[in-house]
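Everything on this sheet refers to the single structure shown next.
In the numbering used here, the protein residues as written are 10 to 437.
Right under this line is the structure:
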């Protein structure tokens, strides 16, 4: 019998909410035709709106203390409201509102709003919203914290922290932190931190994500991600586990692949650097280790990456694959160019692959002469340092390189040799 009574009261309460919401809508459409009469009360206690100390007309009492055992429907609160299941207020709420399930406010909230499931505020929140599932407001000055989603239709000054998604339709001054996605349709001044994706129109501060950071306009600060960073204009740093992209770079990019339209200052530092207005060179060369070599250089003159492969023919056929970086100095009399490069190569036999370490590190100085604008001949010395743990049948180390070098020592099974070599080639 008690359970039937309780269910009946729940249904009656929900019907009452629906009816009162319609009444509020009808009243707002009447305009000045009928002025509302708002009563102020120090205390109201309700089981549901139709069973409590607030008699008709419902939803027109402004309470200092509002106690809703199951659910309540009031004009507003200027103090404290506690609800076992649902609190509904048509206008503003100050200073504390707590509910076991849902808080719904048609005006502003100043202070603290806490619910087991959902907080919904039609206007501004100044203070804090805490919910087990979802927080919603038009704007926020303070903090939103939820287990799943925070939503602000306007600007956020403060912070949003959620287990899944934070969304701000306007600007953010402060912090967004979430386990999955942060989304700001406006500008972010502060920080976004997520386990998966951050998005903002522009960022002044830091974006940190496990997968992707995306600034649709400009970045002034840093983007740090596990996979990809994107910004139209960068004044600062992009660092990712895979790729970075920007049109205009004033700072640094760190990644396996870096893409920029223009580097005004700074450098792109990675395995492959693609700068549309920068350096793109294909080279063919000969050196003292491998006869035939092909290389690709990309980036800017100040800092570029080098990818190179080579093969040695003859009695001791070898192959080499390496990568490195270099810098090119300003041309001398517009024809002569000088560059310095550092690269590391894995070297092995063509017909007898060695599992053990065989590595050659090269420090080279290159002097080039421009025959045409897009063609130059290059030559220069190379300091070669080989490191090998590969032991031959006769007890010697390595692949027969640097036999006449100026240094040859073995430490704990690792042989190190050093010698001066050379290279000549052409670059396109």
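Don't be surprised by glycine CBs; every beta carbon is placed ideally from N, CA and C.
Here the alpha carbons of residue 303 and residue 310 stand approximately 19 Å from one another. Secondary structure at residue 178: coil, using DSSP grouped into helix, strand and coil. The Cβ-Cβ distance between residue 410 and residue 395 falls below 7 Å.
Using a Cβ-Cβ distance cut-off of 8 Å, the stretch 226–239 and the stretch 206–216 are in contact, since at least three pairs of beta carbons, one from each stretch, lie closer than that value.
For residue 264, the enclosing beta strand (DSSP E) covers residues 252–284. Beta-bridge analysis with DSSP links residue 290 to 306.
Between residue 147 and residue 163, the CB-CB gap stays under 7 Å.
The Cβ atoms of residue 429 and residue 390 lie closer than 7 Å to each other.
Assignment of residue 359 by DSSP, reduced to helix, strand and coil, places it in the coil class. Spanning the alpha carbons of residue 80 and residue 97 requires a straight line of approximately 8 Å. Inclusion of residue 315 and residue 287 in the CB contact set at 7 Å is not warranted, their separation being larger than that value.
Scanning 232, 204, 427 and 356 for the CA closest to the CA of residue 220 turns up 204. Secondary-structure assignment with DSSP links residue 368 through a beta bridge to 355 and 396. Contact between the stretch 262–272 and the stretch 361–377 is absent: fewer than 3 CB-CB pairs across the two stretches fall below 8 Å. Apart from the 5 residues on each side of it in sequence, residue 415 sits with its Cβ closer than 8 Å to the Cβ of 427, 428 and 429 in its chain, given in chain order. Rounded to the nearest whole angstrom, the C-alpha separation of residue 189 and residue 248 is 20 Å.
Ranking 433, 419 and 407 by CA distance to the CA of residue 376 puts 433 first. A straight line joining the alpha-carbon of residue 114 with that of residue 154 spans about 17 Å. DSSP places residue 436 inside the beta strand (DSSP E), whose first and last residues are 423–436. Contact between residue 116 and residue 132 is confirmed by a C-beta separation of about 5 Å, below the 8 Å threshold.
Out of 83, 349, 277 and 296, the CA that lies nearest to the CA of residue 431 is found in 296. Residue environment for residue 71: buried (at least 16 other C-beta atoms within 10 angstroms of its C-beta). Bounds of the beta strand (DSSP E) holding residue 144 are 143–146.
By DSSP's assignment, residue 419 forms a beta bridge with 424. Considering only 278, 319 and 305, the residue with the shortest C-alpha distance to residue 298 is 319.
Taking residue 88 as the centre and dropping the five residues before and after it, the same chain places the C-beta of 73 and 74 closer than 6 Å to its C-beta, in chain order.
DSSP, reduced to helix, strand and coil, places residue 383 outside both helices and strands of the structure shown, so it counts as coil. The C-beta of residue 378 has fewer than 16 other C-beta atoms within 10 Å across all chains shown, which makes the residue exposed. Distances from the alpha-carbon of residue 388 to those of 337, 192 and 435 put 435 closest.
As computed with DSSP, residue 327 is found in a beta bridge with 321 and 358.
Taking 8 Å as the upper bound for CB-CB distance, residue 171 and residue 187 are in contact here, some 5 Å apart. Unbroken beta strand (DSSP E) runs of no fewer than 3 residues, entirely contained in the stretch 197–259, are found at 206–218, 221–234 and 237–249, following chain order. Assignment of residue 401 by DSSP, reduced to helix, strand and coil, places it in the coil class. Taking the Cα positions, residue 108 is about 38 Å away from residue 234. DSSP, reduced to helix, strand and coil, places residue 344 outside both helices and strands of the structure shown, so it counts as coil.
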